[in-house]
RNA sequence: UGGGGUGUAGGUCAACUGGCAGACCGCCUGACUGUUAAUCAGGAAGUUGCAGGUUCGAGUCCUGCCGCCCCAGCCA
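Residue numbers (the working numbering): 236 to 669.
Here you go:
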């Protein structure tokens, strides 16, 4: 007699009526005397297994009573379509092998837990259906990112994580680097992206970035993943068109392919279906007026605070671009606005529903003298930026790009309160383990 | 870093004005042949974050420290 094939739970529907071997972890057991049920999870789904005392050897029946939450098992039995079972199938068990026992003090229950407890047990928390749904949607978004840029002829360029002091001003993580002194973990790949854009035309980077900011909010991680396209010959308007095409593409992809996971997360899908181009565009000056009219005491020249951003997106059914901030509020590499030199050609993209800034983008300063002046004005180390200035000396070019925060974007799409759930092992100010 | 909050069983929380430290979930034992977070009966489980102080008496009040949560700033 041929042995039963090993089948993943997601593939059970192709094996109805046949004996199979299922391997996975016990999430739950229920017993009703001479009939008993064990629910098994294998990462592709969950499946109920049925143990009937009168149809099993005494050894298998006894072994059932040894099952605890998260025991790993191999179960043999016939697949049946069964509407009463979660997932629509169940296994009529004939054989049970315990692979790895699990002590009864497994910490995670199908109940409410506090966030600190869950993060202490993150290595277990990942096993929950909710965390699986988030991981699946994150993966879908990552795949969609690569598909979007690949289809449009962008080259992916991997930029260094260990850098000399370069990028933005605040919060660098430092480490010893041989005879070179201090190296810093990258806060952005953008400056390298600009060099690559001059070489290859349309590029993007996708990698981890590190910020040693002492931020403890629902929107911040010390280690997060960022997508940074950089496009030769794009101006600020083309940059925003790319952003809205990109973001709506990601949302559309999740709606098409990961609806079940959105439902698992109880996401209000109607709030995503309205995310279509064109996005709303607001000049910074108008955004300030709008915030003021709703009670904010922000004044022209200030950066917009979280409260201002919330007022600006209030009622919007899609993301909002805020364009052309005052120079003082923004980074040194942004191009001066020829129509109003107090401002720079840049934009933030604010997600709806209070999720805040998911993208920061700008046209880059391509004038050597103006860029040099800004670097000096900021007191940045000139020698570290000499190669960056070279990009303006040897064939300078109009170019623009942006950075999209992966975790913020996925948190918004999933409708989550906090981005710490969006990454498998979050790094925050007070959390380095597990 | 600043403001606010919080810390009690493995988990989530209750305990009035300072007066015997409790519930549910989970766990253990037993019953039950279709359960869906099964149900029913019983049981074990605590240095009330730590260190001091006030008091006849402190989970509760006071001081200090620590952890965590929320908000703000910084940003993506």
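Ideal placement from N, C-alpha and C gives every residue a C-beta, glycine not left out.
Secondary structure at residue 487: helix, using DSSP grouped into helix, strand and coil.
Apart from the 5 residues on each side of it in sequence, residue 245 sits with its Cβ closer than 6 angstroms to the Cβ of 279 and 280 in its chain, given in chain order. In summary, residue 644 is buried, with 16 or more beta-carbon neighbours lying within 10 Å of its beta-carbon over all protein chains present. Assigned with DSSP and collapsed to three states, residue 430 falls in helix.
When the beta-carbon positions are compared, residue 565 and residue 579 come within less than 7 angstroms of each other.
Boundaries cannot be given for residue 244, as no beta strand (DSSP E) includes it and DSSP labels it neither H nor E. In the DSSP assignment, the residues bridged to residue 417 are 411. With respect to the C-alpha of residue 258, the residue from 312, 667 and 498 having the closest C-alpha is 312. Checking the DSSP bridge columns, you'll see residue 309 partnered with 258 and 332.
For residue 304, the three-state secondary structure derived from DSSP is coil. Between the C-alpha atoms of residue 632 and residue 417 there is a straight-line separation of about 32 angstroms.
Note that the C-beta distance between residue 295 and residue 333 is not below 7 angstroms. Look at the segment 314 to 379 and you find these whole runs of beta strand (DSSP E), each 3 residues long or longer: 324 to 335.
Fewer than three pairs of CB atoms, one per stretch, sit closer than 8 angstroms, so the segment 343 to 358 makes no contact with the segment 314 to 330.
In this chain, the alpha helix (DSSP H) harbouring residue 648 covers 641 to 649. DSSP, reduced to helix, strand and coil, places residue 601 outside both helices and strands of the structure shown, so it counts as coil. Of all C-beta pairs linking the segment 481 to 499 to the segment 368 to 376, three or more are shorter than 8 angstroms, placing the two stretches in contact. By the C-beta density criterion, residue 413 is exposed, having fewer than 16 other C-beta atoms within 10 angstroms.
Every unbroken stretch of the alpha helix (DSSP H) spanning 4 or more residues and falling wholly within the segment 515 to 566 is given here in chain order: 519 to 528 and 541 to 548. The Cβ neighbour count for residue 352, taken over all protein chains shown within 10 Å, is under 16; the residue is labelled exposed.
Buried is the label assigned to residue 478, since at least 16 other Cβ atoms lie within 10 Å of its Cβ.
Only buried fits residue 502, as 16 or more other CB atoms lie within 10 angstroms of its CB. For residue 437, the uninterrupted beta strand (DSSP E) run begins and ends at 437 to 445, by DSSP. Bounds of any alpha helix (DSSP H) do not take in residue 583; it lies within the beta strand (DSSP E) bounded by 581 to 586.
Here DSSP, grouped into helix, strand and coil, assigns residue 498 to helix. The count of Cβ pairs closer than 8 angstroms, one atom from the segment 445 to 462 and one from the segment 333 to 345, stays below three, leaving the stretches out of contact. In this structure, residue 584 sits away from residue 560, with a CB-CB distance that is not shorter than 7 angstroms. Of the other Cβ atoms in all chains shown, 16 or more fall within 10 Å of the Cβ of residue 558; this residue is therefore buried. Between residue 254 and residue 271, the C-beta spacing is not below 7 angstroms.
Judged by DSSP in its simplified three-state form, residue 295 adopts helix. Its chain contains 432, 433, 436, 437, 632, 633 and 634 as the residues whose beta carbon lies nearer than 8 angstroms to that of residue 467, once the 5 sequence neighbours on both sides are disregarded; these appear in chain order.
By the neighbour-count criterion, in which 16 or more other beta carbons inside 10 Å mark a residue as buried, residue 648 falls on the buried side. Counting along the chain, residue 508 sits inside the alpha helix (DSSP H) bounded by residues 505 to 508. Take the alpha-carbon of residue 423 and the one of residue 637: they are about 11 angstroms apart. Rounded to whole angstroms, the gap between the alpha carbons of residue 531 and residue 343 is 43 angstroms. The three-state reading of DSSP puts residue 270 in strand, counting E and B together.
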